[in-house]
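Participant: Protein chains in written order, with UniProt numbering: chain A, 1 to 227; chain B, 1 to 227. The C-beta atom is built at its ideal place from N, Cα and C for all residues, glycine as well. Below is the structure I would like to discuss, written out as structure tokens.
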């Protein structure tokens, strides 16, 4: 991994969260290994989630029939995309992209869906010819890393939520692989329990492992992996 | 359907879009049948997509360890939820909920994911005891109604995108059925072509049908059902 450029797209509201610790840990470990790591901290950036005409500088072609995909493709070609260009740069340079988030309702939180909707611009991230195995990002790797609100057993083929692989299909195949990414196996923290800052400090580098191992003690189960 | 209350949660930026026409048509037809229809027009409402502490009036319990699900549940119980209460009212009263949107990246656009993340509050929409067949909304029906950017054949089991039923699983089972909704078969407008306002005017009530029938003439195929 030495010298690799890594982008972590991160979505949690709290610096004291399990997700924050997972993001920090990835950044530390990868940096130690010699990678150059950039982080897009979406809540801290107050990242706009909604796909609107505000993403385009100058007039849109036809406001009444505004089509986000076509209009942003044109704007990208003509250098009239606002706000998103820095995310484009990070993504262009990255060889590995890690998405770190609490699973909300069986997928990414809205703010991260907004990143996907707005940053994976037509032309920049895919074309009708360049997708899936011919995708524009076929030399890049991507990984989902997330917490759940439910135990692993609930996401088995016979579990109440069904197979996690099915749940992840639209994200891993429909978005990541569509753009060409080589999709790494997801890193899933099943229903992690609360960990106090103090405990995390003592646990140090083992915070993740410890939390993961004790995940089955979590007392509340719901579709928000909110920690 | 007479006298039924229907909520249409609608997400498209443009009044001249196919999705706008589908929403208007549903509203007209259902009203004619005697239903009372309410519409949440998310872009027009500038609906905030991101799940943040701003959804709560007053202090949050622990900012460093802010957990959206738990905190909004408490706020809901104590009447301290801001902004979302009107959506709660609409949803409580509705017997049928229709989600009308262009599919973005194999699921709902971020702004609609934001509605799901923020409005389906823990306590209000589900509890650990009340979900799936015991779900809080088990007497309500819900339906996804959307446009795609890809042809139907691409969403078959052997198609490049895989089976549409798998793509819809997290939405239909993980969100709607989780909250108890009886999930109606989706209304899918496969890759509708552009229709000018003039053509739509002439087509009148047949706009949908005509557009749907000619859907296979669409020339551009991508993961945005943007029309």
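Under 8 Å between beta-carbons, which chain B residues line up against residue 86 of chain A? List them in chain order, please.
Facilitator: Neighbours of residue 86 of chain A on chain B: none; closest Cβ ~19 Å, over 8 Å.
Participant: Let me make sure I understand the geometry here. Which of B:189, B:112, B:60, B:8 has the alpha-carbon closest to that of residue 95 of chain B?
Facilitator: The shortest C-alpha separation from residue 95 of chain B is found at B:8.
Participant: Check the C-beta distance from residue 102 of chain A over to residue 146 of chain A and give it rounded, since I have them as a contact under 8 Å.
Facilitator: 6 Å
Participant: Using a Cβ cut-off of 9 Å, which residues of the segment 47-68 of chain B contact any Cβ in chain A, in chain order?
Facilitator: 47, 48, 49, 50, 51, 52, 53, 62, 63, 64, 65, 66, 67, 68
Participant: For a test of the three-state rule: what should DSSP assign to residue 142 of chain A, helix, strand or coil?
Facilitator: Three-state result, residue 142 of chain A: strand.
Participant: Within 10 Å of its beta-carbon, does residue 63 of chain A have 16 or more other beta-carbons around it, so buried, or fewer, so exposed?
Facilitator: exposed
Participant: Any beta-carbon of chain A closer than 8 Å to the one on residue 76 of chain B?
Facilitator: no
Participant: Flag residue 70 of chain A as yes if its beta-carbon sits less than 8 Å from any beta-carbon of chain B, otherwise no.
Facilitator: Contact with chain B is found for residue 70 of chain A, since one of that chain's Cβ atoms lies less than 8 Å from the residue's Cβ.
Participant: Check the Cβ of residue 166 of chain B against every Cβ in chain A and list those closer than 7 Å, keeping chain order.
Facilitator: 166, 169
Participant: Give every residue of the same chain whose Cβ lies closer than 7 Å to the Cβ of residue 160 of chain B, excluding the five residues on either side of it in the sequence, and list them in chain order.
Facilitator: 154
Participant: Can you say whether residue 117 of chain A is buried or exposed, counting buried as having 16 or more other CB atoms within 10 angstroms of its CB?
Facilitator: buried
Participant: Since residue 225 of chain B and residue 149 of chain B are thought to touch, with beta carbons under 8 Å apart, how far apart are those beta carbons, to the nearest angstrom?
Facilitator: 5 Å
Participant: Count the other C-beta atoms from every protein chain shown that fall within 10 angstroms of the C-beta of residue 86 of chain B, then say buried if there are 16 or more, exposed otherwise.
Facilitator: By the 10 Å Cβ count, residue 86 of chain B comes out exposed.
Participant: Could you give the distance in angstroms between the alpha-carbon of residue 222 of chain A and the alpha-carbon of residue 40 of chain A?
Facilitator: Residue 222 of chain A and residue 40 of chain A: Cα-Cα distance of roughly 27 Å.
Participant: Tell me, please, which residues DSSP counts as bridged to residue 40 of chain A.
Facilitator: A:9
Participant: Should residue 128 of chain A be flagged as near chain B, meaning a C-beta pair shorter than 8 Å?
Facilitator: yes
Participant: Taking the continuous alpha helix (DSSP H) assigned at residue 29 of chain B, which residues delimit it?
Facilitator: Counting along the chain, the unbroken alpha helix (DSSP H) around residue 29 of chain B starts and ends at 18-32.
Participant: Below 8 Å on the Cβ atoms is my guess for residue 227 of chain B versus residue 67 of chain A; work out the distance and round it to an integer in Å.
Facilitator: The pair is a contact, with the Cβ atoms about 7 Å apart (cut-off 8 Å).
Participant: For residue 107 of chain A, does the count of other Cβ atoms within 10 angstroms reach 16, so buried, or fall short, so exposed?
Facilitator: buried
Participant: Would you mind sorting residue 18 of chain A into buried or exposed? The rule is 16 or more other CB atoms within 10 Å of its CB.
Facilitator: buried
Participant: Ignore the nearest five residues each way along the sequence and tell me which others in residue 178 of chain B's own chain have a CB closer than 8 Å to its CB.
Facilitator: Non-local C-beta neighbours of residue 178 of chain B in its own chain, meaning closer than 8 Å and more than five positions away in sequence, comprise 126, 131, 132, 135, ordered along the chain.
Participant: Where does residue 189 of chain A sit, in a helix, a strand or coil, going by DSSP?
Facilitator: strand
Participant: Could you name the residues of the same chain whose beta carbon sits closer than 8 Å to that of residue 204 of chain B, not counting the 5 residues immediately before and after it, in chain order?
Facilitator: With a pLDDT of 42 at residue 204 of chain B, under the threshold of 50, the modelled position of that residue is not reliable, and no figure is offered here.
Participant: Can you give me the C-alpha to C-alpha distance between residue 90 of chain A and residue 38 of chain A, rounded to a whole angstrom?
Facilitator: Between the alpha carbons of residue 90 of chain A and residue 38 of chain A lies a distance of about 7 Å.
Participant: Using the Cβ count rule (16 or more neighbours within 10 Å means buried), how would you classify residue 59 of chain B?
Facilitator: Here residue 59 of chain B is exposed, its C-beta having fewer than 16 other C-beta atoms within 10 Å.
Participant: So residue 28 of chain A and residue 43 of chain B are in contact, right, with Cβ under 8 Å, and what is the actual spacing, rounded?
Facilitator: That belief does not hold up - the Cβ atoms of residue 28 of chain A and residue 43 of chain B are roughly 40 Å apart, past 8 Å.
Participant: 8 Å is my cut-off, CB to CB: does residue 136 of chain A come that close to chain B?
Facilitator: Residue 136 of chain A is outside the set of residues whose beta carbon lies under 8 Å from a beta carbon in chain B.
Participant: Around the Cβ of residue 128 of chain B, are there at least 16 other Cβ atoms within 10 angstroms (buried) or fewer (exposed)?
Facilitator: exposed
Participant: Go through the segment 59-114 of chain B residue by residue and report every complete run of the beta strand (DSSP E) that reaches 3 residues or more, in order.
Facilitator: 96-102
Participant: Return the bridge partner residues of residue 160 of chain B from the DSSP annotation.
Facilitator: Residue pairing by DSSP places residue 160 of chain B opposite no residue, since no beta bridge is assigned to it.
Participant: Could you tell me whether the Cβ of residue 117 of chain B comes closer than 8 Å to any Cβ of chain A?
Facilitator: yes
Participant: Closer than 8 Å, Cβ to Cβ, to anything on chain A: give me those residues from the segment 132-160 of chain B, in chain order.
Facilitator: Flagged, chain order: 132, 149, 160.
Participant: In chain A, which residues lie less than 8 Å from residue 19 of chain B when you measure between Cβ atoms?
Facilitator: In chain order: nothing, as chain A lies at least about 11 Å away.
Participant: In the segment 90-120 of chain B, which residues sit with their C-beta less than 9 Å from some C-beta in chain A, listed in chain order?
Facilitator: Within the segment 90-120 of chain B, the residues whose Cβ lies closer than 9 Å to some Cβ of chain A are 102, 104, 105, 106, 107, 108, 109, 110, 111, 112, 113, 114, 115, 116, 117, 118, 120, listed in chain order.
Participant: What residues in its chain sit with their C-beta under 6 Å from that of residue 99 of chain B, if we drop five residues either side in the sequence?
Facilitator: 9, 144
Participant: Would you say residue 13 of chain B faces chain C, with C-beta separation under 8 Å as the test?
Facilitator: Here the protein chains are A and B, and chain C is not one of them.
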